[in-house]
Amino acid sequence: MKDVVQGQLVHLTEMRDGDAEWLQDTQWEPGLLRNLSADALHPVTAAQYSELAEYPENNDQFFFMVRANADDGLLGSVILNNVLFKNRRATLGIALPVVSDRGQGYGVDTLNTILSFAFNELGLHKVNLEVNANNLPAIHAYEAVGFIREGVNREAVFQDGRWLDLYQYGILASDWTDVSRETSADGID
C-alpha cells in the first residue's frame, strides 16, 4: 500500500510543538506574504497558525506541515481547503517560506505528495489554486506536476504600483496520474 503522505524528498505531518511559532517567524522571508496574500498584508500570529490544525476531524480542510525526509526538518505547510466531497474538489495552498529551501525540489515533491493524498486517499476529482502572474517559480512547479491554467482574472492584484493578473489553475486526478506516469517513465521522479 502506498503511503499517501510520504514523498521522495518530503513527508507531511501534524503540527508539532514550536511549528506555529516557526511559521509566524518565517512569514517574513522575502516575498512570501506578498505572494500568499489575496489582499492587504496581514501578519499571522502563532495562535492563528495553530487554529489551522486545531480541528483534525474537520473535513472542510486538511492542513499538514511539510518536513524533509533527510532530517525531519521543517520546510513549510500545505493545505487542502474548501473541500467539497459531493463535487470531489478542493483548493490547494502551499508555502515553503525559507528562501534557501526553494529550488531544491521540495515544492514539486510537496505538490505530488498532497495530490497523492487528495486523489488516492480522499478520492477527489479536481484540485484548484490561484497564483499571482509574477510568481514564476510557483507557476513552474504547478505546471511541472500537471496543473493547467484554466483562467485569468485580469488585473486582479495591485502590487508595486502596477496591476497583475491572477491565474486560476486546476488539475484533474487523471491529469496528475498521466504526468506522474510520464515523469516516472522518464526517470525524473
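If you number the sequence shown the way UniProt numbering does, the last residue is 189 and the count never jumps.
Note that the Cβ used here is the ideal one computed from N, Cα and C, for glycine as well.
Alpha-carbon to alpha-carbon, residue j and residue i
| i | j | result |
| --- | --- | --- |
| residue 36 | residue 95 | 8 Å |
| residue 123 | residue 113 | 14 Å |
| residue 81 | residue 14 | 16 Å |
| residue 73 | residue 28 | 19 Å |
| residue 156 | residue 170 | 18 Å |
| residue 125 | residue 16 | 30 Å |
| residue 55 | residue 86 | 21 Å |
| residue 152 | residue 131 | 10 Å |
| residue 42 | residue 58 | 25 Å |
Residue(s) in a DSSP beta bridge with residue i
| i | result |
| --- | --- |
| residue 79 | 63 and 93 |
| residue 126 | 89 and 172 |
| residue 52 | For residue 52, which the question treats as bridged, DSSP gives no partner whatsoever. |
| residue 6 | 11 |
| residue 68 | 10 |
| residue 132 | 166 |
CA nearest to the CA of residue i, picked from the options
| i | options | result |
| --- | --- | --- |
| residue 61 | 68, 91 and 41 | 91 |
| residue 45 | 65, 63 and 23 | 23 |
| residue 120 | 47, 88 and 17 | 88 |
| residue 108 | 29, 180 and 30 | 180 |
| residue 138 | 182, 178 and 32 | 32 |
| residue 145 | 135, 174, 99 and 162 | 174 |
| residue 162 | 21, 69, 133 and 176 | 133 |
| residue 158 | 21, 5, 34 and 30 | 34 |
| residue 30 | 101, 172 and 140 | 101 |
Rounded Cβ spacing between residue i and residue j (contact assumed at less than 8 Å)
| i | j | result |
| --- | --- | --- |
| residue 75 | residue 10 | 6 Å |
| residue 26 | residue 97 | 4 Å |
| residue 110 | residue 18 | Contact flag wrong, Cβ pair sits at about 20 Å. |
| residue 128 | residue 168 | 7 Å |
Any non-hydrogen atom of the ligand ADP within 6 Å of residue i CB
| i | result |
| --- | --- |
| residue 18 | Looking for the ligand ADP in the displayed structure turns up nothing, as the structure carries no ligands at all. |
Below-7 Å beta-carbon distance, residue i vs any chain C residue
| i | result |
| --- | --- |
| residue 31 | Structure shown: chain C not included; a single protein chain is present. |
Going residue by residue through the segment 138-182, where are the continuous beta strand (DSSP E) segments of at least 3 residues, counting only ones entirely within it? Runs found: 148-159 and 162-172.
Where in the segment 99-124 do unbroken runs of the alpha helix (DSSP H), each at least 4 residues long, occur, reported from the N-terminal end onward? Counting only runs of 4 or more, we get 106-116.
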